[in-house]
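S.K.: Mind having a look at this structure? Questions to follow.
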Amino acid sequence: AKADGKDTCRFFETAMGAEARDRRLMEVELRHAVARNEFRLVYQPQKEISGGKVLGFEALIRWEQPQRGNVSPATFIPIAEESGAIIQIGEWVLATACAEAASWPNPLTIAVNVSAVQLHNPNFTGMVHETLLRSGLAPGRLELEITETALVKDMQRALATLRQIKALGVRVAMDDFGTGYSSLSNLRAFPFDKIKIDGSFIKSVDRNGQIAAIVRAVLGLGRGLGLPVLAEGVETLDELKFLDAEACQIGQGYFLGRPGPIGGFAKITGKKAIK
Ligand code: C2E
Ligand code: CA
Ligand code: CA
Ligand code: CA
Numbered sequence: 483a484k485a486d487g488k489d490t491c492r493f494f495e496t497a498m499g500a501e502a503r504d505r506r507l508m509e510v511e512l513r514h515a516v517a518r519n520e521f522r523l524v525y526q527p528q529k530e531i532s533g534g535k536v537l538g539f540e541a542l543i544r545w546e547q548p549q550r551g552n553v554s555p556a557t558f559i560p561i562a563e564e565s566g567a568i569i570q571i572g573e574w575v576l577a578t579a580c581a582e583a584a585s586w587p588n589p590l591t592i593a594v595n596v597s598a599v600q601l602h603n604p605n606f607t608g609m610v611h612e613t614l615l616r617s618g619l620a621p622g623r624l625e626l627e628i629t630e631t632a633l634v635k636d637m638q639r640a641l642a643t644l645r646q647i648k649a650l651g652v653r654v655a656m657d658d659f660g661t662g663y664s665s666l667s668n669l670r671a672f673p674f675d676k677i678k679i680d681g682s683f684i685k686s687v688d689r690n691g692q693i694a695a696i697v698r699a700v701l702g703l704g705r706g707l708g709l710p711v712l713a714e715g716v717e718t719l720d721e722l723k724f725l726d727a728e729a730c731q732i733g734q735g736y737f738l739g740r741p742g743p744i745g746g747f748a749k750i751t752g753k754k755a756i757k
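Numbering (mature numbering (1 follows the signal peptide of the UniProt record, and there is no 0)), first residue to last: 483 to 757.
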């Protein structure tokens, strides 16, 4: 029994060691991935719910690592945040997305995810400003998606940065609304232009009374604060119908369009979502 315990212990040490080693290896891979051209962006439409009109697209990063294949951003973004590689990756994302969007018909918008580490980098506002100038994209067509978790680390600094960003004319959306903490006070304290309800609240919103009540409350909050609400993760017609009936303005999700490459003009001019 004693030997067994020892073996078990050794097994866990080895397993944990392997996991930590793989994480460090991925950190190194991420440091080189921009230069090695391993990232690309896909774009998912954001549509007006009542009429189905395409308002813009969210840029989502994809990483094709030669040995690993496709690695989900949910896996590698946290590692890139921890190692600091997210700064360089985030700059590549913003530059690529803005350059792409500059070729779209006005007034289509581009939404770009920004992580907490980027937001707290002292160069952030300057980097955004320079990227806009280089791409020629009008600042009002760029929207940065920021989660609450990004704000709570250093609220005063986050607020100062958001104000600088807004002064450039860039818009900011609160991402993953409902999944963080102290959502309500954050909505008041920070100058957001939009609320994105997290997809986990949209799943089965048409069939689950409690989830429906939460989504209705967020929509009421948006109306009261004068902020448009975007529902993410819309996967079915019934979910879309519920959101339309509750006067949710904007939707995003597989039912309205999967993330993909921008296939030219035709793809951008969308068709009606409901009628
Ligand atoms: P997010 O910002 O909440 O993005 C929405 C995620 O939901 C995306 O996953 C998208 O592909 C997926 N999605 C869209 N429609 C549906 C739907 O109808 N059903 C379901 N189940 N999922 C849907 P993805 O692309 O894997 O990205 C995951 C997360 O990684 C993002 O969540 C975001 O937090 C982060 N991320 C992605 N790209 C970037 C980036 O360029 N920079 C940063 N910092 N983070 C990024
Ligand atoms: Ca997002
Ligand atoms: Ca989300
Ligand atoms: Ca997210």
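Using N, Cα and C, we set each Cβ at its ideal position, and we do this for glycine too.
Remember, predicted model here, so these are calculated numbers, not experimental data.
Quick one, which of Val575, Val687 and Ile531 has its alpha-carbon nearest proline 555's?
M.R.: Within the sequence shown, the letter at position 73 stands for residue 555. Considering only alpha carbons, the answer is Val575.
S.K.: Give a single yes or no on whether glutamate 714 has its beta carbon closer than 7 angstroms to a heavy atom of ligand 3.
M.R.: The count along the sequence shown starts at 1 and reaches residue 714 at position 232. Yes - ligand 3 has a heavy atom lying nearer than 7 angstroms to the Cβ of glutamate 714.
S.K.: My understanding is that valine 700 touches phenylalanine 659, with C-beta atoms under 8 angstroms, so please give their C-beta distance in whole angstroms.
M.R.: Counting from 1 along the sequence shown, the entry for residue 700 is found at position 218. Counting from 1 along the sequence shown, the entry for residue 659 is found at position 177. Yes, they are in contact, since the Cβ atoms of valine 700 and phenylalanine 659 sit about 7 angstroms apart, within 8 angstroms.
S.K.: Contact defined as beta carbons within less than 8 angstroms: I believe isoleucine 592 pairs with leucine 615. What is the distance between those atoms, to the nearest angstrom?
M.R.: Position 110 of the sequence shown holds residue 592. Position 133 of the sequence shown holds residue 615. About 16 angstroms; that fails the 8 angstroms criterion.
S.K.: Please specify which runs of the beta strand (DSSP E), each continuous and at least 3 residues long, are wholly inside the segment 549 to 574, giving them in chain order.
M.R.: Listed in chain order, the complete beta strand (DSSP E) runs (minimum 3 residues) inside the segment 549 to 574 are 551 to 553.
S.K.: Under 8 angstroms between the Cβ atoms of leucine 529 and isoleucine 744?
M.R.: The sequence position of residue 529 within the sequence shown is 47, counting from 1. The sequence position of residue 744 within the sequence shown is 262, counting from 1. With the sequence shown as reference, residue 529 is identified as lysine, and leucine is not the correct amino acid for it. Result no, Cβ atoms of lysine 529 and isoleucine 744 do not sit closer than 8 angstroms.
S.K.: Less than 7 angstroms between C-beta atoms, sequence neighbours within five positions excluded: which residues of the same chain meet that for alanine 485?
M.R.: As a first step, residue 485 must be located in the sequence shown, where it is residue number 3. Residue confidence for alanine 485 is low, a pLDDT of 49 falling below 50, so the modelled location carries little weight; the figure read from the coordinates is stated next. Here the set comprises nothing.
S.K.: If you measure between the beta carbons of alanine 655 and aspartate 675, is that distance less than 8 angstroms?
M.R.: Looking up residue 655 in the sequence shown gives position 173. Looking up residue 675 in the sequence shown gives position 193. Going by C-beta atoms, alanine 655 is nearer than 8 angstroms to aspartate 675.
S.K.: Tell me which residues share the same chain as histidine 611 and place their Cβ nearer than 6 angstroms to its Cβ, disregarding the 5 neighbours each side in the sequence.
M.R.: As a position in the sequence shown, residue 611 is number 129, starting the count at 1. Correct list, in chain order: Leu650.
S.K.: Just to confirm, does proline 741 get its C-beta within under 7 angstroms of one of the non-hydrogen atoms of ligand 1?
M.R.: Within the sequence shown, residue 741 is the residue found at index 259, counting from 1. Because some heavy atom of ligand 1 lies under 7 angstroms away, the Cβ of proline 741 counts as near it: yes.
S.K.: Just to check, is the beta-carbon of glutamate 627 closer than 7 angstroms to a non-hydrogen atom of ligand 2?
M.R.: Along the sequence shown, read from residue 1 onward, the residue named residue 627 stands at position 145. Result yes, Cβ under 7 angstroms from ligand 2.
S.K.: I need the straight-line Cα distance from valine 594 to leucine 626, nearest angstrom please.
M.R.: Taking the sequence shown and counting its residues from 1, the one referred to as residue 594 is at position 112. Taking the sequence shown and counting its residues from 1, the one referred to as residue 626 is at position 144. Approximately 5 angstroms between the Cα atoms of the pair.
S.K.: Is asparagine 595 a contact residue of ligand 2, with contact defined as CB to any heavy atom under 7 angstroms?
M.R.: Here the question's residue 595 lines up with position 113 in the sequence shown. Yes, since a heavy atom of ligand 2 falls inside the 7 angstroms radius drawn around the Cβ of asparagine 595.
S.K.: Helix, strand or coil, according to DSSP, for phenylalanine 606 in the structure here?
M.R.: Numbered from 1 along the sequence shown, position 124 holds the residue referred to as residue 606. Three-state result, phenylalanine 606: helix.
S.K.: Just grab the DSSP bridge partners of arginine 522 for me.
M.R.: Taking the first residue of the sequence shown as 1, we reach residue 522 at position 40. Answer by DSSP bridge pairing, in chain order: Arg544.
S.K.: Under the criterion of a Cβ to heavy atom distance below 7 angstroms, does glutamate 540 qualify as lining ligand 2?
M.R.: To locate residue 540, count along the sequence shown from 1; it is residue 58. Under cutoff, so the answer is yes.
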